[in-house]
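Peer 1:
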Amino acid sequence: MNRKRVLFSFLLIAIPVLIGFIISFFIKLHALYIIGGVYAVMLWFMLPSDVFSRSTLDYNIKSVNPTYKHESPDYVGGTKQQLVNFLLVALMLAGCLFLIFLLGD
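The opening position of the sequence shown corresponds to residue 963 in our numbering, with each subsequent residue numbered one higher.
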């Protein structure tokens, strides 16, 4: 792997952990809750923008213009690195949630 990719993947892990520990120091909340929240926000922003809106948009257009024929969906997948980053963040979120469940705060 390229050095920049490894550094970026490391930063995807390290920055939310650092943010979680710094914020938990000030507001006296368990760091895992904050880290999990940061990973959840990161995961939300890594989702493609049209995943949730495409079907409702087609329905609304069809209700206005019944003869409308939508284009066939052109799903362009991301690069392998984007998939690795998404899976890394998803695994870290799952790990945080699992640790929260185990600790039972």
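All residues carry an ideal CB built from backbone N, CA and C; glycine is no exception.
Values in this document were obtained by computation on a predicted structure and should not be read as measured data.
1) Run the CB neighbour count on Gly998, radius 10 Å, all protein chains shown included, and call it buried at 16 or more, exposed below.
2) Taking only three categories from DSSP, how would you classify Gly982?
3) Can you grab the Cα-Cα spacing for the pair Met1054 / Leu1005, in whole Å?
4) Could you round the C-beta distance between Leu994 and Ile1062 to whole angstroms and report it? I think they count as a contact, below 8 Å.
5) Please report the straight-line C-alpha distance between Gln1043 and Leu1049, rounded to a whole angstrom.
Peer 2: Working from what's here:
1) Along the sequence shown, read from residue 1 onward, the residue named residue 998 stands at position 36. With 16 or more other Cβ atoms within 10 Å, it is buried.
2) Numbered from its first residue, the sequence shown carries residue 982 at position 20. The answer is helix: DSSP assigns Gly982 an H, G or I state.
3) Here residue 1054 is taken as the residue at index 92 of the sequence shown, counted from 1. Here residue 1005 is taken as the residue at index 43 of the sequence shown, counted from 1. Going by the C-alpha atoms only, they are around 10 Å apart.
4) For this step, residue 994 is matched to residue 32 along the sequence shown. For this step, residue 1062 is matched to residue 100 along the sequence shown. Their Cβ separation, rounded to whole angstroms, is 5 Å, which keeps Leu994 and Ile1062 in contact under 8 Å.
5) In the sequence shown, counting from the first residue as 1, residue 1043 sits at position 81. In the sequence shown, counting from the first residue as 1, residue 1049 sits at position 87. Looking at the two C-alpha atoms, the distance is approximately 10 Å.
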